[in-house]
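Numbering (the working numbering), first residue to last: 866 to 1118. Note that CB positions come from ideal geometry on N, CA and C, so glycine has one too. Here's the structure, in structure tokens; my notes come after.
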Ligand code: PGA
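This is the structure:
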């Protein structure tokens, strides 16, 4: 099995660079104590350089990026080469909060995912449905994956991660309900099947699949051991050092 990954998604937190540094130092310490786990921190753009300067075990991620590169007349956007220049190695693409609040479409997410992978960076492609439905993965998830992955080459998919993050399981969704390990396992199998249809078996086996949604130190192990996820994307619990460390500890234990 490949190395387990834990990605901290700070979202639009914390409120100052001072607080970001305090949190980053704690995450770095915890990562150094658990070197078998691949940790990365996805921090807001203004904090990337400062956080990068205090992290070495923990790798630097961005929460978004623009598809045009390296520079240009795109007010407010941030390019992949700019991100690489401050040490970013992976980028979250298509998080449901961006789809919801910023109107990101499947077409935009396709362009972003391609741009990230063409640069040789790791793309964390988030997919997931809004409502908890039956036991099957809804068509929407298949459409999200198919659209983002169209035209990706064998070389590109080596750095592709698909993150199954159902909106109903995200801790800030009212009435949030974390997926069970069984739900996550079924999602993993369904995603694997979709990827196999697109890339063939050998290609699909190279693509890592993560789970995200209210992950804590108490429930992380079954997502890896039983649901066979390759990693987790952690929002709320990544803002509280003790909670984040507990996740790493549970996985190393
Ligand atoms: P959560 O967030 O862990 O707070 O549910 C996960 C995410 O949205 O990335």
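Contact test: residue i Cβ vs the ligand PGA heavy atom, cutoff 7 Å
i            : result
residue 955  : no
residue 1079 : yes
residue 1035 : yes
residue 1099 : yes
residue 1030 : yes
residue 878  : no
residue 938  : no
residue 930  : no
residue 873  : no
residue 1102 : yes
One or two residues paired with residue i in a DSSP bridge
i            : result
residue 874  : 907
residue 1074 : 1027
residue 957  : 989
Proximity to residue i [Cα-Cα], best of the options
i            : options                  : result
residue 1004 : 1058, 960 and 967        : 1058
residue 965  : 940, 1032, 949 and 1076  : 1032
residue 878  : 1112, 940, 1105 and 1117 : 1105
residue 1120 : 1088, 995 and 909        : Here the chain covers residues 866 to 1118 and nothing more, so residue 1120 does not appear.
residue 867  : 945, 998 and 1074        : 1074
residue 873  : 1014, 1109 and 891       : 1109
residue 947  : 940, 934 and 941         : 934
residue 903  : 887, 920 and 950         : 920
residue 871  : 892, 1025 and 998        : 892
residue 876  : 1037, 937, 1045 and 1055 : 1037
residue 915  : 1025, 888 and 1112       : 888
Range of the contiguous alpha helix (DSSP H) that encloses residue i
i            : result
residue 1049 : 1046-1071
residue 1117 : 1106-1117
residue 980  : 971-983
residue 939  : From DSSP, residue 939 is part of no alpha helix (DSSP H); its letter is neither H nor E.
residue 1008 : 1004-1014
residue 1020 : 1019-1022
residue 933  : Note, residue 933: premise wrong, no alpha helix (DSSP H); not H, not E.
residue 887  : 882-898
residue 1087 : 1085-1090
residue 913  : 913-919
Start and end residues, beta strand (DSSP E) containing residue i
i            : result
residue 926  : 924-927
residue 988  : 987-992
residue 1096 : 1096-1099
Residues near residue i by beta carbon distance below 8 Å, same chain, minus five either side
i            : result
residue 929  : 943, 956, 957, 958, 960, 963 and 977
residue 954  : 905, 924, 925, 926, 986 and 987
residue 1022 : 982, 1014, 1064, 1068, 1071 and 1072
residue 922  : 893, 896, 897, 900 and 904
residue 949  : 984 and 986
Contact set for residue i: own chain, Cβ-Cβ below 7 Å, skip 5 residues either direction
i            : result
residue 1043 : 1034, 1078, 1079 and 1084
residue 1094 : 1049, 1053, 1074, 1075, 1076 and 1088
residue 1019 : 1068
Same chain, Cβ closer than 6 Å to residue i, five either side skipped, listed in chain order
i            : result
residue 1081 : 1102
residue 969  : 963
residue 912  : 882 and 885
residue 952  : 917 and 925
residue 1028 : 989, 991, 1075, 1077 and 1098
residue 1012 : 971 and 975
residue 932  : 976, 977 and 980
residue 1115 : 1082, 1085 and 1086
residue 1061 : 1069
Residue i beta carbon near the ligand ADP (any heavy atom closer than 7 Å)
i            : result
residue 1030 : Among the ligands present in this structure, namely the ligand PGA, the ligand ADP is not found.
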